[in-house]
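Following my numbering, the numbering of the sequence shown begins with 79 at its first residue and continues without gaps.
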Amino acid sequence: SDVWKISLVSGNSSERTDHPAQYPEELIERIIKAGTNPGDLILDPFMGTGTTGVAAKSLGRNWIGFDLQEEYIKIAKIRIQILV
Numbered sequence: 079s080d081v082w083k084i085s086l087v088s089g090n091s092s093e094r095t096d097h098p099a100q101y102p103e104e105l106i107e108r109i110i111k112a113g114t115n116p117g118d119l120i121l122d123p124f125m126g127t128g129t130t131g132v133a134a135k136s137l138g139r140n141w142i143g144f145d146l147q148e149e150y151i152k153i154a155k156i157r158i159q160i161l162v
């Protein structure tokens with residue numbers, strides 16, 4: 079199918095953070111799988127709370143991300159360190 083049915087990140091979702099516009103990890107995982115190979119480098123210039131970094135790391139990709147909001151960077155670091 080050419081339509082992806084992916085649930086939104088709701089208030090009671092286990093992946094929910096304090097970011098107001100959080101994408102579902104499943105969406106980012108599909109995009110990463112479709113456009114990269116293991117070991118590739120992914121750039122996320124608006125990383126928010128690190129959903130792309132979490133997905134990239136879990137799929138064996140390298141990544142670089144940054145954000146202007148220091149509070150979101152702190153959340154991203156915690157989320158990504160949990161995967162180590």
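In this text, a Cβ means the ideal position worked out from N, Cα and C, and glycines have one as well.
Item to check | Euclidean distance between Cα positions of Ala134 and Lys155 | outcome: Spanning the two alpha carbons is a distance of roughly 14 Å.
Next on the checklist: Suppose contacts are defined by Cβ-Cβ distances below 8 Å. Is Asp96 in contact with Phe124 by that definition?
Outcome noted: No, Cβ-Cβ distance for Asp96 and Phe124 is not below 8 Å.
Next on the checklist: According to DSSP, is Gly143 part of a helix, a strand, or is it coil?
Outcome noted: Here Gly143 sits in strand by DSSP.
Next on the checklist: Once DSSP output is grouped into helix, strand and coil, what is the label at Leu86?
Outcome noted: Of the three classes helix, strand and coil, the one that applies to Leu86 here is coil, per DSSP.
Item to check | Through-space distance from Thr130 to Ile106, alpha-carbon basis | outcome: Between Ile106 and Thr130, the C-alpha separation is close to 6 Å.
Checklist entry - DSSP state of Leu137, grouped into three classes? => result Of the three classes helix, strand and coil, the one that applies to Leu137 here is coil, per DSSP.
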